[in-house]
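Read in order, the letters of the sequence shown are residues 122 to 299 in the numbering used here. C-beta atoms are modelled at their ideal positions from N, C-alpha and C, and glycine is treated no differently. Remember, it's a predicted structure, so these values are computed and weren't measured experimentally. To keep things clear, I will list the structure first and then write my remarks on it.
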Amino acid sequence: MDKRIKELIDYTKEKYCLHAYYLHTFDINRSTTIFKDTVYSLSMEWFPNHIKNWDDETYNPEGTACIEIDIHSRKTKHVIFSEGISIVDGMTFDLNNRHEIIMWIEKETGLNYGRQFELWKEEESELHFKEFIDGVAVSPSGHITLKLDKEGRLTLFSVYGQFQSDKFVKQEKNFTFP
122 MDKRIKELID
132 YTKEKYCLHA
142 YYLHTFDINR
152 STTIFKDTVY
162 SLSMEWFPNH
172 IKNWDDETYN
182 PEGTACIEID
192 IHSRKTKHVI
202 FSEGISIVDG
212 MTFDLNNRHE
222 IIMWIEKETG
232 LNYGRQFELW
242 KEEESELHFK
252 EFIDGVAVSP
262 SGHITLKLDK
272 EGRLTLFSVY
282 GQFQSDKFVK
292 QEKNFTFP
């Protein structure tokens, strides 16, 4: 295994507290954004340590962590625990502490809450955010979803779409009608 890939795998294991997991498979993917940028990502499947000799490729065992990160920026694109079950021994959130969750999302995405994304919808143990530019909805819109289990462990985190960077946003001066 290439040492740069090994470094990203180790980084992911520490970042998401995957001490009770082992890396089952990984892939490198290439895609392009709507802005015509090429993005390389590392997709990983982490199996719980107690799952041995899994050879059924039609589905992942309960508790499998599927994580995709951007290779260059190390920003997370997706974290999904199959069946909504996580056995992670750290990294918990309090769903009632929105500030903590929003700060974590800002750190993970590099986006600013209130400027580039806002809370859109809330469901039981699940928060949905939508792309906004200074309070104005944009289209096509990026989405962020975060879901926790009853113990506050992350079971889903996804960033869909491309969020506008500040370099594409032109601020207009205050305009008044004559």
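Three or more pairs of CB atoms, one per stretch, sit closer than 8 angstroms, so the region 207 to 215 contacts the region 137 to 146. Each residue's CA atom was taken as its position, placing Ile-155 and Ser-262 some 12 angstroms apart. Nearest C-alpha to Arg-236 among Ser-194, Leu-248, Ile-223: Ile-223.
If you look at His-264, you'll find it in the beta strand (DSSP E) that goes 264 to 269. Scanning His-145, Phe-202, Thr-197, Ser-162 for the CA closest to the CA of Asp-177 turns up His-145.
Annotation: the continuous beta strand (DSSP E) that includes Met-165 extends over 159 to 169. Between Leu-163 and Glu-128 the beta-carbon gap is near 11 angstroms, outside 8 angstroms, which marks them as no contact. When DSSP reads this structure, Thr-146 sits in a beta bridge with Glu-166. Per the Cβ contact rule, the region 217 to 232 is not in contact with the region 178 to 187 (fewer than 3 Cβ pairs under 8 angstroms).
For Lys-228, no beta strand (DSSP E) run applies; the uninterrupted alpha helix (DSSP H) run containing it begins and ends at 219 to 230, by DSSP.
Within the same chain, Cβ atoms closer than 6 angstroms to the Cβ of Tyr-281 are found at His-264, the five residues on either side in sequence being excluded. Pairing His-220 with Phe-214, the inter-Cα distance amounts to about 11 angstroms.
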